[in-house]
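Residue numbers (our numbering), protein chains in the order written: chain C, 1 to 136; chain Z, 1001 to 1136. Idealized CB from N, CA, C, for every residue including glycine. Presented below is the structure to which this report refers.
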DNA sequence: CCGTTTTATATCGGGGTACGATATGTCTGT
DNA sequence: ACAGACATATCGTACCCCGATATAAAACGG
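Put into structure tokens, the structure is as follows:
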């Protein structure tokens, strides 16, 4: 098993992986801002649209998929609601929970962003595969 | 060519990709902080160690690989130097350039972090492959 | 059912990091 | 040797996340 010490090539591989990641994220952030939303708002909208459950996600659900603290998700949702990207409504089955939905505007912006991202991700995928092959 | 419109499954794939990414980054950030450095400092050290060139990278080189503005890289290097992780020295061939090297302390912390990251990256790699397969 | 505990959301103050605008010093070409 | 390009540095600002704390609703035990 290729385990213990790291060769210069290993460091190089790790560094190249991170570089590819940052270039992708930079692309994504620029795309979001060009579409008139912040990168965080874009991630929020995607998390809602890609939520697997049968009903809309609650704030706490979004905090988990976005890897945020609950109250950070609260702030993010509030800013997005103010920008008319999402709407919160109280869960009829549990008045503590706020269920979050995309507005029409949110849907449109996300659809446009997701199209370019799918293309970019295909490029990113093969690049990543080449780099990570080096890890053994 | 699977192109134009996005299916619900496409959104789900995009969302899962981002989720996997965030979990990895969260792991990495926690690891860095446990090692006593900030996530940014970790990335800086890796960028230096993984730098391909014949001599040490200059501040501007690091800005490029870290996808930062020049002056953001300056600040990052200064904080890292204050924490005794890196040392800057003027390029003998061009007095404008500051070449950045890891200190002994920086080397040790990076080596420890890189070991755990290599393992985690191997897990991450197969997870990513599964998710991105869905993109067609 | 009533009081206690747990869960979910919300508020406030603070900190880290990146950015825009700007300044200074160094090199390069003519 | 001087104009313009380049590399680094400084300063004030903004955004986003977090810790600590608060409020409200549900779940649970006796």
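Can you give me the C-alpha to C-alpha distance between residue i and residue j, rounded to a whole angstrom?
i: residue 1119 of chain Z; j: residue 14 of chain C; result: 11 Å
i: residue 1077 of chain Z; j: residue 89 of chain C; result: 46 Å
i: residue 1021 of chain Z; j: residue 1028 of chain Z; result: 11 Å
i: residue 4 of chain C; j: residue 110 of chain C; result: 44 Å
i: residue 1054 of chain Z; j: residue 1065 of chain Z; result: 16 Å
i: residue 50 of chain C; j: residue 63 of chain C; result: 14 Å
i: residue 1085 of chain Z; j: residue 1100 of chain Z; result: 10 Å
i: residue 6 of chain C; j: residue 112 of chain C; result: 42 Å
i: residue 1097 of chain Z; j: residue 1079 of chain Z; result: 18 Å
i: residue 87 of chain C; j: residue 1125 of chain Z; result: 36 Å
i: residue 130 of chain C; j: residue 69 of chain C; result: 35 Å
i: residue 39 of chain C; j: residue 75 of chain C; result: 14 Å
i: residue 128 of chain C; j: residue 71 of chain C; result: 34 Å
i: residue 56 of chain C; j: residue 92 of chain C; result: 12 Å
i: residue 16 of chain C; j: residue 1108 of chain Z; result: 20 Å
i: residue 1008 of chain Z; j: residue 1037 of chain Z; result: 40 Å
i: residue 123 of chain C; j: residue 61 of chain C; result: 30 Å
i: residue 980 of chain Z; j: residue 10 of chain C; result: Nothing can be reported for residue 980 of chain Z: it is not among the residues displayed for chain Z, which extend from 1001 to 1136.
So if DSSP puts residue i in a beta bridge, which residue, or which two residues, is it bridged to?
i: residue 58 of chain C; result: C:99
i: residue 88 of chain C; result: C:100
How many whole angstroms separate the CB atoms of residue i and residue j, which I take to be in contact at a CB cut-off of 8 Å?
i: residue 132 of chain C; j: residue 1135 of chain Z; result: Actually they are not in contact, since the Cβ atoms of residue 132 of chain C and residue 1135 of chain Z sit about 17 Å apart, beyond 8 Å.
i: residue 1059 of chain Z; j: residue 1081 of chain Z; result: With a Cβ gap of about 11 Å, residue 1059 of chain Z and residue 1081 of chain Z do not count as contacting.
i: residue 1067 of chain Z; j: residue 23 of chain C; result: 7 Å
i: residue 1012 of chain Z; j: residue 52 of chain C; result: 7 Å
i: residue 83 of chain C; j: residue 41 of chain C; result: 7 Å
Does the ligand ZN have a heavy atom nearer than 7 Å to the CB of residue i?
i: residue 1079 of chain Z; result: Looking for the ligand ZN in the displayed structure turns up nothing, as the structure carries no ligands at all.
Query raised in the report: Does the stretch 108-128 of chain C come within contact of the stretch 32-49 of chain C, defined as at least 3 CB pairs closer than 8 Å?
Result: yes
Report task. Evaluate contact between the stretch 33-42 of chain C and the stretch 92-105 of chain C, counting only Cβ atoms and requiring at least three cross-stretch pairs below 8 Å. Result -> no
**Report entry** Contact list for the stretch 76-107 of chain C against chain Z, Cβ threshold 9 Å
**Finding:** none
Query raised in the report: Got a sec: which bits of the stretch 1020-1039 of chain Z sit with their beta carbon under 7 Å from any beta carbon on chain C, in order along the chain?
Result: Closer than 7 Å at the C-beta level to chain C, one finds these residues of the stretch 1020-1039 of chain Z: 1022, 1023, 1026.
Query raised in the report: For the stretch 55-69 of chain C, which residues have a CB atom closer than 8 Å to at least one CB atom of chain Z, in sequence order?
Result: 65, 66, 67
Query raised in the report: Relative to chain Z, which residues along the stretch 44-55 of chain C have a C-beta separation below 7 Å, given in chain order?
Result: 46, 47, 49, 50, 52
Report task. Residues of the stretch 108-119 of chain C with a CB closer than 7 Å to any CB of chain Z: list them in chain order, please. Result -> 111, 114, 115, 117, 118
Report task. Anything in the stretch 5-18 of chain C with a Cβ closer than 9 Å to a Cβ of chain Z? List those residues in chain order, please. Result -> 5, 6, 8, 10, 11, 12, 13, 14, 15, 16, 17, 18
**Report entry** Contacting positions in the stretch 120-136 of chain C - beta carbon closer than 8 Å to chain Z
**Finding:** 121, 122, 125, 128, 129, 132, 135
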